[in-house]
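Going down the list, the protein sequences come from chains A and B. Heads up, the first sequence is in our numbering, so the first residue is 1 and it goes up one at a time. Heads up, the second sequence is in our numbering, so the first residue is 1 and it goes up one at a time. From the three backbone atoms N, C-alpha and C, an ideal C-beta is built for every residue, glycine too. Because the structure is a prediction, the values reported are computed rather than measured.
There are 2 protein chains.
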Amino acid sequence: MSNPARRTAFFISGSTGITAETLGHSLLTQFPDAKVHGVRLPFVTDRERAQDCARQIRAAAERDRVRPIVFSTLVDPQIIDALRVADALYIDLFDQFIGPLESELQMQASHIAGLSHGMASSGNYQARIEAINYAMAHDDGVSSDNGLDAADVILVGVSRSGKTPTSLYLAMQFGIKAANYPLIPEDFERNRLPGAIAPHRGKLFGLTIAPERLALIREERRPGSQYASLPNCRHETTAAQKMMRREGIPWIDSTTKSIEEISATIMQAIDLEGHAW
Amino acid sequence: MSNPARRTAFFISGSTGITAETLGHSLLTQFPDAKVHGVRLPFVTDRERAQDCARQIRAAAERDRVRPIVFSTLVDPQIIDALRVADALYIDLFDQFIGPLESELQMQASHIAGLSHGMASSGNYQARIEAINYAMAHDDGVSSDNGLDAADVILVGVSRSGKTPTSLYLAMQFGIKAANYPLIPEDFERNRLPGAIAPHRGKLFGLTIAPERLALIREERRPGSQYASLPNCRHETTAAQKMMRREGIPWIDSTTKSIEEISATIMQAIDLEGHAW
């Protein structure tokens, strides 16, 4: 259809709604031409709140003149019944998959909401918080030598190549202690890895970036500077890649990659899969 | 079963595997007694890689003496066929839900992998990166007055009440510019909000924490200090809650909440739902 109606998608959950939104987002990105507006409805923990959700679904249907899509991770049958009085396409994670898993595992599902993104859900919650604190304390070369001993990975690369957001993502999503350390013009002149990271070669992972993109990013920070100029960006990225190649440091180009894609690549490249839960 | 076998769960994707893992993790937390070991297999983009995955599934089945569970977000039928030669319980997000969505939207799914967590997927990728940089630059009271003008939310609370990881999560997950600002003993003595945040009252959100828990967290940082002592933690949290109540700042207790739960609560409490995609 050339001019599809704008539709509302609800992400409904007994807890944070993160799983419902991830599920819905992944599915809807398969329909790039669909005009969909997302609404989160987390913490739906009783019938009254479910009835309120049903009212919102009906209101959206009336406004959009097309029925909404509901991505749900609700687990309590009574709450689900109270919701389903509203007409919508229900895409229900547990409804579809809990049955096959119960048969396979020969166990009953708990039907308790909020286990996945709560504190109690995973023994690794504390590890994630510690990793976030670690990444903050070891950002951009700030750290003692001892601090880097504790790193699972040390990201290296020129200024603004994507090290900081990637370090934080690795920490937050996977509980990985990711330090990051800049490669600066002085390192290229000396033609040596910075002394603080040289003893940790096995943990180094490099990020590089196209000089044109780097110049744009740096220009926002320091307009008109030598630092942001294309020739300088070209010089720094070329020198950094040469150094990484010579030192045998694995690296990837972050230019067209999201922090999620960079992180998943790093997890594969250096053996961090022990951090699977 | 009292002594269930340890099983392997695979998270298989044509891209990062984040959706597959989120889906699998949410479903498996419904079976707290199941002994499951998770393995990520991202970037399965051709038949060869799918055949390698099938080998890994078979090897796990032999080792575990029970067939694995495969959580998949694969979208390419040829790759799916190459994988499915291995015996497993397949929990396949797209297989189940793309059909109903195609009917409802009257559109064909693109069947292109990696749209959800790539850079191109969302216009808000750049907003997320900017928000991460913003949170880093406005952590723990570091900011100019002008900087706080740009904040979507400013988290306040005593030292170690959970402000920093929550700010970073809000930025990374939702693209929200979250600054954070500590409430310190001097503020309680003056009995006034810090001057830098007073003009931004409408954006303030407070975190508090049980003094016993706070003392434990601070004790790890500065063992034996006055700062970490239980009487001092009790004094600070009581004074902070009194100040937040008096100033009409909404707040929640972070003691037993994950950063995901705190963030979802903040999103609801102050109107940040415009940040839905």
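Chain B within 8 Å of L105(A), Cβ atoms only
For L105(A), the answer is yes, since a Cβ of chain B falls inside 8 Å of its Cβ.
Taking any Cβ of chain A, which residues in the segment 252–272 of chain B have a Cβ under 9 Å from it, in chain order?
Those residues of the segment 252–272 of chain B that come within reach of chain A (Cβ to Cβ, closer than 9 Å) are T256, K257, S258, I259, E260, E261, S263, A264, T265, M267 and Q268.
Excluding the 5 residues flanking I252(A) on each side, which residues of the same chain have their C-beta closer than 7 Å to its C-beta?
Within the same chain, I252(A) has close Cβ partners L207, I262 and T265.
Pair every Cβ in the segment 40–56 of chain A with every Cβ in the segment 120–139 of chain A, then say whether three or more of these pairs are closer than 8 Å.
No, because fewer than three Cβ pairs between the segment 40–56 of chain A and the segment 120–139 of chain A fall closer than 8 Å, the two stretches do not touch.
Note down, in chain order, each residue of its chain lying with its Cβ closer than 7 Å to the Cβ of A86(B), except the 5 sequence neighbours on either side.
Result list for A86(B): A54, I57 and R58, in chain order.
Under 8 Å, Cβ to Cβ, is there at least one residue of chain B near S225(A)?
By this cut-off, S225(A) is not an interface position.
Can you give the Cα-Cα distance for R6(A) and A113(B), rounded to whole angstroms?
When the Cα atoms are used, R6(A) and A113(B) turn out to be separated by approximately 24 Å.
With 8 Å as the threshold, decide whether the Cβ of Y125(A) is near any Cβ in chain B.
Yes, Y125(A) lies at the interface with chain B (some Cβ there is under 8 Å from its Cβ).
Segment contact flag, the segment 231–245 of chain A with the segment 188–204 of chain A, C-beta cutoff 8 Å, min 3 pairs
In this structure the segment 231–245 of chain A lies against the segment 188–204 of chain A, because at least three pairs of beta carbons, one per stretch, are closer than 8 Å.
Mind listing the chain B neighbours of V75(A)? Cutoff is C-beta to C-beta under 8 Å, in chain order.
By Cβ distance, chain B contributes Q30.
Buried versus exposed, by CB contacts within 10 Å (16 or more), S2(B)
Only weak support exists for where S2(B) lies, its pLDDT of 42 falling under 50; the coordinates are left without a value.
Give a single yes or no on whether I18(B) has its beta carbon closer than 7 Å to a heavy atom of the ligand ZN.
The model depicted lacks the ligand ZN and carries no ligand whatsoever.
Comparing alpha-carbon positions, which option in I154(B), A109(B) and I80(B) lies nearest A198(B)?
Comparing Cα-Cα distances from A198(B) to each of I154(B), A109(B) and I80(B), the minimum goes to I154(B).
Please report how far the alpha carbon of L83(B) lies from the alpha carbon of V70(B), in whole angstroms.
Distance between the alpha carbons of L83(B) and V70(B) is about 10 Å.
Closest Cα partner of L23(B) within the set P231(A), V158(A), L105(A) and S72(A):
Selection P231(A), V158(A), L105(A) and S72(A) evaluated against L23(B) yields S72(A) as nearest (Cα-Cα).
Check whether chain A comes within 8 Å of G118(B), counting only Cβ atoms and requiring the distance to be less than that.
Taking a beta-carbon distance threshold of 8 Å, G118(B) counts as an interface residue toward chain A.
Could you list which residues in chain B have their beta carbon closer than 7 Å to that of S110(A), in chain order?
Under the 7 Å cutoff, chain B gives Q30 and P32.
C-alpha distance - L27(B) paired with A109(A), whole-angstrom precision:
If you take the alpha carbons of L27(B) and A109(A), they lie about 9 Å apart.
Can you pull the chain A residues whose beta carbon is under 8 Å from the beta carbon of G202(B), in chain order?
Ordered by position in chain A, no residue passes the 8 Å Cβ test against G202(B), which lies about 21 Å from the chain.
If you draw a straight line from the alpha carbon of G162(B) to that of S254(B), how long is it in whole angstroms?
Going by the C-alpha atoms only, they are around 7 Å apart.
So what does A283(A) bridge to, in DSSP terms?
Residue 283(A) is absent from the model: chain A starts at 1 and stops at 277.
Residue-level contact to chain B via CB, P211(A), 8 Å cutoff:
When Cβ-Cβ separations below 8 Å define contact, P211(A) makes no contact with chain B.
Between which two residues does the alpha helix (DSSP H) carrying A278(B) extend?
Chain B is shown only over 1 to 277; residue 278(B) falls outside these bounds and no answer can be derived.
Please decide whether G17(A) counts as near chain E, where near means a Cβ-Cβ distance under 8 Å.
In the displayed structure, chain E is absent; the protein chains listed are A and B.
How about V156(B) and L115(B): are their beta carbons less than 8 Å apart?
The answer is no: Cβ separation not under 8 Å.
Please confirm whether D149(A) and I176(A) have their CB atoms less than 8 Å apart.
Cβ atoms of D149(A) and I176(A): not closer than 8 Å.
N- and C-terminal bounds of the alpha helix (DSSP H) containing H25(B):
H25(B) -> alpha helix (DSSP H) spans I18 to L28.
Quick one: what does DSSP say H235(B) is sitting in, helix, strand or coil?
Note: H235(B) maps to helix in three-state DSSP.
Could you tell me whether any Cβ in chain A is nearer than 8 Å to the Cβ of P42(B)?
Yes - at least one Cβ of chain A is within 8 Å of the one on P42(B).
Is the CB of T164(B) under 8 Å away from at least one CB in chain A?
Yes, contact with chain A.
Determine which residues of the segment 134–152 of chain A have a Cβ less than 8 Å from any Cβ of chain B, and write them out in chain order.
The residues in question are M136 and D139.
Does DSSP put Y90(A) in a helix, a strand or coil?
Strand at Y90(A).
Neighbourhood of A196(B) by C-beta distance below 8 Å, restricted to the same chain and skipping five residues each side:
Within the same chain, A196(B) has close Cβ partners G141, S143, D145, L148 and Y181.
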